[in-house]
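Following our numbering, the residues of the sequence shown are numbered contiguously, the last one being 243.
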Amino acid sequence: MASDSRSNEKQPGFLPIETNWFDRLFISIVIWVALSLLWMRFIEPLGLSVWFAAAISAVFGAYIIWKG
């Protein structure tokens, strides 16, 4: 029973709003699109592939969904 009461408690995340997993997923997707567009405009002409932006977005998105 102790584990049930722990799962019902809400632990605050680092996002300044109350969110569920779908909200955090949506925020992660928006960040992925924005980072990809900025990467293609400013970084990719310097020679770095957009796959680096995808990897950074995946790690950052997983962190937002897990801890956010």
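Just so it is clear, CB atoms sit at the ideal spot from N, CA and C, and this is done for glycine as well. Given the structure is predicted, the values throughout are model-derived calculations rather than measurements.
Looking at residue i: is its Cβ nearer than 9 Å to the Cβ of residue j?
{"i": "Phe227", "j": "Trp214", "result": "yes"}
{"i": "Ala237", "j": "Ser211", "result": "no"}
{"i": "Gly243", "j": "Phe189", "result": "yes"}
Please return the same chain residues whose Cβ sits closer than 8 Å to the Cβ of residue i, not counting the five positions on each side in sequence.
{"i": "Ile240", "result": "Trp196, Arg199, Leu200 and Ser203"}
{"i": "Ile231", "result": "Leu210"}
{"i": "Asn183", "result": "With a pLDDT of only 47 at Asn183, under the threshold of 50, the placement of this residue in the model should not be trusted; the figure read from the coordinates follows. Nothing meets the Cβ criterion."}
Measure the alpha-carbon distance for residue i versus residue j and round it to whole angstroms.
{"i": "Met176", "j": "Thr194", "result": "Because Met176 sits at a pLDDT of 48, beneath the cut-off of 50, its placement in the model cannot be relied upon, and the following sentence gives the value as read from the coordinates. Each residue's alpha carbon lies about 26 Å from the other."}
{"i": "Ser224", "j": "Ala209", "result": "16 Å"}
{"i": "Ala233", "j": "Val205", "result": "12 Å"}
{"i": "Pro187", "j": "Glu219", "result": "37 Å"}
{"i": "Ile278", "j": "Ala229", "result": "Residue 278 is absent from the model: the chain starts at 176 and stops at 243."}
Quick check on the DSSP output: the alpha helix (DSSP H) that includes residue i runs from which residue to which?
{"i": "Trp214", "result": "Unbroken run through Trp214: none, as it is neither H nor E."}
{"i": "Ser232", "result": "Val225 to Lys242"}
Using C-beta distances below 6 Å, list every residue in its chain close to residue i, excluding the 5 sequence neighbours before and after it, in chain order.
{"i": "Phe235", "result": "none"}
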